[in-house]
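Inspection log for the structure reproduced underneath, given as structure tokens.
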Amino acid sequence: MIEGVGLVLEGGGMRVTYTGGVLDAFMDAGVDLGYVIGVSAGSNAGSHYVAGQRERSRCVFVDLVGHPRYAGWRNVVRERSWFGMDFLFRALPDELAPFDYDAFRSSPRTLVTGVTDCLSGAPRYYSQRDRDPRWYVQTLQRASCSLPLLSPPVTVEGRPCVDGGVSDSIPVRRAVADGNPRVVVVLTRNAGYRKPPQRFRAVGRLLLRRYPALYAAMLRRSALYNASLDLLDEMERAGSAFVLRPVRPLVVGRMERDVGRLEALYRQGYDETMTTMPALKDWLGSPPAEESHGLAACAGSCVWSDGRRGRRQ
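Have a look at this one:
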């Protein structure tokens, strides 16, 4: 297992089907990274990698997407959520697509999941170490996938929390702060993408009036997201980041339910990763570059779920 290289997984709803293909390619090629961090659906895909469940992402993001409880107005009426959160985080892992909780608990790999605290608007990070694996999947990952305005917050240790991508869409700083000077990053947007400013100001302020800090975080999201991409560009040039992202133009959106498109995206992730695998393995085997991306200072600014700052001991 490779230590000192973090695996960072962006979210993106159904676009994470691409990530599922990437991680299955990793497992087939023996790419064994010891630290994984993800937000939103990226955390879900990461849990399959940590548990060693090849093709579970394909099952969850492709094969079962046509189930009537997966997404739709029925869920809005029953759960106040477009996606069927009870279905996705209970019925799927416990019945239809069993998740290997035992393998997840005993895995030598570490998974860190980010959520956004509605009361502070700040990210909080939770490792699966010393956590009940069912709680981690059914509560924490559910919170990280709860989209503001589309799903209600989930209570995590007494705090209302939502989509981790709101406050830290690409958690590369967290990965470095945790002692990983180099990172492999899987993005779910094409090269050159930059997130436009949010446009829900009036409606968002009304619907999120209970959580003004969350509303403020949502307004900051595009600027923070684009700053993370700029940082990754700098890290790539310095040799401290290896970025995987869709090469062919994306035709899948966050809410996609077309099985054919999702299957094609999964295959795209797998095939593109296998194509670049020799370059990735060469990079993994090369000595670390000198730290030149200015991330050392962030080691004291990141907050864990227990309130401690800095590197996790």
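Residue 905 is where the sequence shown starts when you use our numbering, and the numbers rise one by one after that. Beta carbons are placed, not taken as given, at the ideal position from N, Cα and C, and that holds for glycine.
Among the residues of its own chain, which have a CB less than 7 Å from the CB of F993, if the five just before and after it don't count? V1041, Q1042, Q1045, R1046
Looking at C-beta atoms only, is the number of pairs between the stretch 971 to 987 and the stretch 1023 to 1035 that lie closer than 8 Å three or more? These segments do not touch.
Which word fits D932, buried or exposed, when buried means at least 16 other C-beta atoms lie within 10 angstroms of its C-beta? exposed
According to DSSP, which residues form a beta bridge with F965? The secondary-structure analysis by DSSP pairs F965 with nothing; it has no beta-bridge partner.
In whole angstroms, what separates the C-alpha of C963 from that of A1001? 7 Å
Nearest-angstrom Cα separation, counted from G942 out to R1149: 15 Å
Which whole-angstrom value is the C-beta distance of T923 and L913, which I expect to be below 8 Å? 6 Å
Top-ranked residue by Cα proximity to G916, from V1088, G946, V1151: G946
Buried or exposed (CB count within 10 angstroms, at least 16 for buried), T921: Within 10 angstroms of the beta-carbon of T921 lie 16 or more other beta-carbons, which makes it buried.
Tell me which same chain residues have a C-beta within less than 7 Å of the C-beta of R1038, skipping the five on either side of it? Y1005
Buried or exposed by the 16-neighbour rule on C-beta atoms within 10 Å, applied to M918: buried
Rounded to a whole number of angstroms, what is the C-alpha to C-alpha distance between E1176 and V926? 8 Å
So, D928 versus V1016, is the Cβ gap smaller than 9 Å? no
Quick check on DSSP: helix, strand or coil for T1092? coil
Check for me: the beta strand (DSSP E) holding L1054 runs from which residue to which? Run containing L1054: none; DSSP gives neither H nor E here.
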